[in-house]
Structure formats: C-alpha cells, structure tokens
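Q:
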Amino acid sequence: MSGLLEALLGGGTHTVEKVSKDTGIDANRAEQAYGAAVGTILRGLEAKSQTKEGADSIWDMLRKQVEQGSIPPDAPTESNDGIQVRDMDPKAVNDILSVIFGEKAPKVEGGFGKVITLDSEATKKVLGKVLPAVLGGIFGAAEKDAEESPRALPRILGGARTEMEEKQPKSRGIFDAILDRDGDGDVDLSDLSQLAGIFASKPR
Numbered sequence: 004m005s006g007l008l009e010a011l012l013g014g015g016t017h018t019v020e021k022v023s024k025d026t027g028i029d030a031n032r033a034e035q036a037y038g039a040a041v042g043t044i045l046r047g048l049e050a051k052s053q054t055k056e057g058a059d060s061i062w063d064m065l066r067k068q069v070e071q072g073s074i075p076p077d078a079p080t081e082s083n084d085g086i087q088v089r090d091m092d093p094k095a096v097n098d099i100l101s102v103i104f105g106e107k108a109p110k111v112e113g114g115f116g117k118v119i120t121l122d123s124e125a126t127k128k129v130l131g132k133v134l135p136a137v138l139g140g141i142f143g144a145a146e147k148d149a150e151e152s153p154r155a156l157p158r159i160l161g162g163a164r165t166e167m168e169e170k171q172p173k174s175r176g177i178f179d180a181i182l183d184r185d186g187d188g189d190v191d192l193s194d195l196s197q198l199a200g201i202f203a204s205k206p207r
C-alpha cells in the first residue's frame, strides 16, 4: 500500500479498540465504521481537490486545523503503529465536513450512520476520531511532496482512495451508498462485511 494508506490502515488494533470503546460498538462494527469513514472522507476530499479553488480551500482548512492543534502536523507512519487516535470537537467536525461536502454534509453524515447502522451520536464520535487521522496524514504527505502542497492534493488523495478501493473492490458500493449516489442509501450487507477485513493484512 501507499505510505498514506498504509499508515491510515496500519494501526488497526489500537484504532479499532479506541473506536469500539468510545462508541460502545463491537470490534467488527468499529472496523467497518473506521474503514467506511476513511474511504468516505478520501472520496469527498478528492472530489473537492479537482479544482484549484477546491484544493486551495482544503489546504487552508488543513493549515488552520494544524495551527489550532486539532490535527497532527506530520504524516503517520507504520513504524509507530499507524495513527494515534485523538478526539475532535463536534463543532470542528461539522465545520470540516462542511468544507469537504458543502451543503450535502448533513446528508453524508446521515448516510454514513444509516449504512453503518449507527445513531447520530456514535456517528459523530467515529468521525471525530477519523478526521484528525486522515487530515493529519494528508497534510504531512502533501508537505513532504516535491510538488507545491495544494497542487499535490488531487494525486495524493486519488492514489490513496483508488488503492483502498482496489484492496476491497466492494467498498465502492458502500461509499456510493453513503454519498447516496443511487438515491436510496442502501448497501448490500455482504459488501459491508468487506470493510471488516480491510486491516486483514496487518497483524492483530
């Protein structure tokens, strides 16, 4: 896997245990929720970054969150057991989702909860843990890239998102349902189970 995706999916045990403990869901569902959140955020950021204005707005948001201490300034690495899960204030979660998804942010958040079968409180907790990891990883990767950071975003995001979907092909249907591409928000449970194996290549 690419460095960014390896780091985001590399700290499996710690991440899943933290999400499970703080949301009250079992480890299997916590893993599904984490994988779905990573993929959904990557998709949203990739789509937003396709225009210069969108990439600049993402980069401005990332810098602001780093300066405020909401996200780590360095890309996570596999050597330190992947990401270090931290919590994000619910208001910051709302603000960031609005930057990524615009007016569709509440619908995306609701779609995530419906697909993963979480209530709104648990959904917010999951996103509050995943956003700092994903955004910190992206910021660190872009800072280290040879290309100017905002211009590097489409390539970094597209590469990580594509690799994740190639690793678990059925995850595409899950992300489509969360983003409600087909208008009904439904997902095949056999597709959802694929996300429970997204850390399978990592030692438990």
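Start counting the sequence shown at 4; every next residue gets the next number (the numbering used here).
Glycine included, every Cβ here is placed at the ideal spot set by N, Cα and C.
1) Among the residues of its own chain, which have a CB less than 7 Å from the CB of Leu-8, if the five just before and after it don't count?
2) Take Asn-83 and list the residues in its own chain whose beta-carbon comes closer than 6 Å to its own, dropping the five residues that flank it on each side.
3) Going by other Cβ atoms of all chains shown within 10 Å of its Cβ, with 16 needed for buried, is Val-22 buried or exposed?
4) From which residue to which residue does the alpha helix (DSSP H) around Ile-74 run?
5) Under a three-way DSSP split, which group does Ile-141 fall into?
6) Of the residues Glu-20, Gln-71, Glu-34, which one's Cα is nearest the Cα of Ala-95?
7) Candidates Glu-124, Val-69, Gly-114: which alpha carbon is nearest Ile-99's?
8) What did DSSP end up calling Ala-155 once you bin it into helix, strand or coil?
9) Write down the C-beta distance between Asp-52 and Pro-157 rounded to the nearest angstrom, noting that I regard them as a contact closer than 8 Å.
10) Would the beta-carbon of Phe-142 fall within 8 Å of that of Thr-43?
11) CA-CA distance, Gly-186 and Val-111?
A: Walking through what the data contain:
1) Ala-163, Glu-166, Met-167
2) Summary for Asn-83: the model assigns pLDDT 47, below 50, so the residue's position carries little reliability; its value from the coordinates is reported in the next sentence. Excluding residues within five positions, none has a Cβ falling inside 6 Å.
3) The Cβ neighbour count for Val-22, taken over all protein chains shown within 10 Å, is at least 16; the residue is labelled buried.
4) Here Ile-74 belongs to no alpha helix (DSSP H), and DSSP marks it neither H nor E.
5) helix
6) Gln-71
7) Val-69
8) helix
9) Note on identity: in this sequence residue 52 is Ser, with Asp being the wrong assignment. Right, their Cβ atoms sit about 5 Å apart.
10) In this structure, Phe-142 sits away from Thr-43, with a CB-CB distance that is not shorter than 8 Å.
11) Only weak support exists for where Gly-186 lies, its pLDDT of 45 falling under 50; the coordinates are left without a value.
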